[in-house]
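Numbering (the UniProt record's numbering), first residue to last: 1 to 85.
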């Protein structure tokens, strides 16, 4: 989310895991939101059921605060983070 994806990111975006049974990509959630750069074009992404181009409300569920309740404990670690999407 909100990442720079360089030219090394293949236009398919995702690859099957070596040795995984066929169709495994349909059982995992692969979400993208707000990425930029040459690898961020989602027009050629794989067509697996698990691949999602998220909107803001969906992406917000995976923010540091919503997903791991980071505002409750990350401040004590001095680790820099952004708690929003």
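Just so you know, even glycine gets a beta-carbon here, dropped at the ideal spot from N, CA and C.
{"Asked": "Please report the residue range of the alpha helix (DSSP H) in which residue 67 lies.", "Found": "64-68"}
{"Asked": "Quick one: any contact between the region 70-80 and the region 41-55, if contact means 3 or more CB pairs under 8 Å?", "Found": "no"}
{"Asked": "Could you compute how far the alpha carbon of residue 39 sits from the alpha carbon of residue 32?", "Found": "12 Å"}
{"Asked": "Would residue 85 be called buried (16 or more neighbouring beta carbons within 10 Å of its own) or exposed?", "Found": "buried"}
{"Asked": "Using only the alpha-carbon positions, how far apart do residue 73 and residue 30 sit?", "Found": "26 Å"}
{"Asked": "Which value, in whole angstroms, describes the spacing of the CA atoms of residue 18 and residue 26?", "Found": "15 Å"}
{"Asked": "Beta carbon of residue 71, beta carbon of residue 35: below 8 Å?", "Found": "no"}
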